[in-house]
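**Q**
Number of protein chains: 2
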Amino acid sequence: MRSDDLLPIGEVARRAGLATSALRFYEREGLVHGERTSGGQRRYPRNVLRRLAFIRAAQNVGLSLEEVRAALGTLPDGRTPTRADWAQLSRVWRIRLDEQIAGLMALRDGLTTCIGCGCLSLRRCALSNPDDAAGESGSGARFLPPALRRARAAL
Amino acid sequence: MRSDDLLPIGEVARRAGLATSALRFYEREGLVHGERTSGGQRRYPRNVLRRLAFIRAAQNVGLSLEEVRAALGTLPDGRTPTRADWAQLSRVWRIRLDEQIAGLMALRDGLTTCIGCGCLSLRRCALSNPDDAAGESGSGARFLPPALRRARAAL
DNA sequence: CTGCAACGTGAAGTCCACTTGAAGTCAAGG
DNA sequence: CCTTGACTTCAAGTGGACTTCACGTTGCAG
Numbered sequence: 013m014r015s016d017d018l019l020p021i022g023e024v025a026r027r028a029g030l031a032t033s034a035l036r037f038y039e040r041e042g043l044v045h046g047e048r049t050s051g052g053q054r055r056y057p058r059n060v061l062r063r064l065a066f067i068r069a070a071q072n073v074g075l076s077l078e079e080v081r082a083a084l085g086t087l088p089d090g091r092t093p094t095r096a097d098w099a100q101l102s103r104v105w106r107i108r109l110d111e112q113i114a115g116l117m118a119l120r121d122g123l124t125t126c127i128g129c130g131c132l133s134l135r136r137c138a139l140s141n142p143d144d145a146a147g148e149s150g151s152g153a154r155f156l157p158p159a160l161r162r163a164r165a166a167l
Numbered sequence: 013m014r015s016d017d018l019l020p021i022g023e024v025a026r027r028a029g030l031a032t033s034a035l036r037f038y039e040r041e042g043l044v045h046g047e048r049t050s051g052g053q054r055r056y057p058r059n060v061l062r063r064l065a066f067i068r069a070a071q072n073v074g075l076s077l078e079e080v081r082a083a084l085g086t087l088p089d090g091r092t093p094t095r096a097d098w099a100q101l102s103r104v105w106r107i108r109l110d111e112q113i114a115g116l117m118a119l120r121d122g123l124t125t126c127i128g129c130g131c132l133s134l135r136r137c138a139l140s141n142p143d144d145a146a147g148e149s150g151s152g153a154r155f156l157p158p159a160l161r162r163a164r165a166a167l
């Protein structure tokens, strides 16, 4: 398995920490590419692991797969990101992370402030402010992704 | 409208910054309660606004509606949270926010570190680490909720 | 050459927080 | 009384990132 350069989907999944179904999904979505055996089974080149790492990192920063697709699309001829591409994209990511952190910190500080006043006055309260960006989306929890929420179910 | 203590759904929706459909949904889910006119229309007591503020605040902290339901359930006889309840719950929320902030900061620092090494080495890279809590959920972006993601679509 | 784990496909299902649609009813100003 | 806008219900749809299912095929160790 190390002797050959092409890995079957199960091996890739195991190494990347993904389900094979996720890999097939990514391939359908054009996020990764691979070859096939004569029998039709997927064989991925080793660098797909790097590409998957890139995808996961992007998700961790808060990008949707759509945005990941766009990011990968900026790379010439769809190559796997090099260190230089990486550094360039990371500048944007860092800004996003900074914004996210700032948002959560504002919320936390609002929590303290609002406890003091006990207001919960809608629209004027930092914690429940419906005019914030946080309130603009149609669905999902306002600030935390399912991943972190599900980890601790009890209030 | 101010003379009477009971508000129609549209009024509540407007004041709370929600759609009426969301209010009906919350009522179906048992998160809020109200009375009805003889004709069957909803009339909400004024304190429902406070309850809605509570719900929104909880969502901002990252709670699912399921968790909000549980939180409201800890209050005796389903009353609207008082300042004391509020203070108690906020202690838990603050911890969550702190954790979330810490997580994002770790990610940001990992970004810097990993740019330096250019590794993206899967499992060992802070940015793409599939063993993190961030990687454990089935769906959605790993760290940022749709609300904040959608605001800036371009990479 | 055989057995069986790993692979293939397409369609449908899941989760969450709502929204949308269709079809009909109520309340209040003129 | 009439019109009109706000309201009612129930069922189905949305979006994102996958997973699950049902059923058939491939590849390799023994």
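Heads up: the protein sequence lines correspond to chains A and B, in order. Under our numbering, think of the first position of the first sequence as 13, with each following residue one higher. Under our numbering, think of the first position of the second sequence as 13, with each following residue one higher. Backbone N, C-alpha and C fix where the C-beta goes; we use that ideal spot for every residue, glycine too. Since we're looking at a predicted model, the values are computed, not measured.
When the cut-off is 9 Å and only beta carbons count, does I113/B lie next to chain A?
**A** yes
**Q** CB L119/B to CB L116/A, shorter than 9 Å?
**A** no
**Q** Between A83/A and L75/A, is the Cβ-Cβ spacing less than 9 Å?
**A** yes
**Q** Please name the residue in P20/B, G42/B, Y38/B and L61/B whose C-alpha comes closest to that of Q53/B.
**A** P20/B
**Q** When the Cα of E41/A is compared with those of L77/A, A114/A, R106/A and L123/A, which residue comes out closest?
**A** L77/A
**Q** Using a Cβ-Cβ distance cut-off of 9 Å, determine whether R36/A contacts chain B.
**A** Not one chain B Cβ lies under 9 Å of R36/A.
**Q** By the 10 Å Cβ neighbour count, where 16 or more other Cβ atoms means buried, how is R222/A classified, buried or exposed?
**A** This structure cannot speak to residue 222/A, because chain A is shown only from 13 to 167.
**Q** Verify the CB distance criterion: does D17/B have a CB-CB separation below 9 Å to chain A?
**A** no
**Q** Closer than 6 Å by C-beta to Y38/A: which residues in its own chain qualify, once you throw out the five before and the five after it? Chain order, please.
**A** Result list for Y38/A: V44, in chain order.
**Q** Would Q71/A and V80/A be called neighbours here (beta carbons separated by less than 9 Å)?
**A** Taking 9 Å as the Cβ cut-off, Q71/A and V80/A qualify as a contacting pair.
**Q** Against chain A, which members of the stretch 53-64 of chain B pass a CB distance test of less than 8 Å?
**A** L61, R62 and L64
**Q** From what residue to what residue does the beta strand (DSSP E) around L19/A run?
**A** For L19/A, the uninterrupted beta strand (DSSP E) run begins and ends at L18 to P20, by DSSP.
**Q** How close, in whole Å, do the beta carbons of I113/A and I113/B come, if the pair is a contact with beta carbons under 8 Å?
**A** About 6 Å separates the two Cβ atoms, so the contact holds.
**Q** Check E41/B in the structure and name its three-state DSSP category.
**A** coil
**Q** Could you spell out the range, first to last residue, of the beta strand (DSSP E) harbouring R55/A?
**A** R54 to P57
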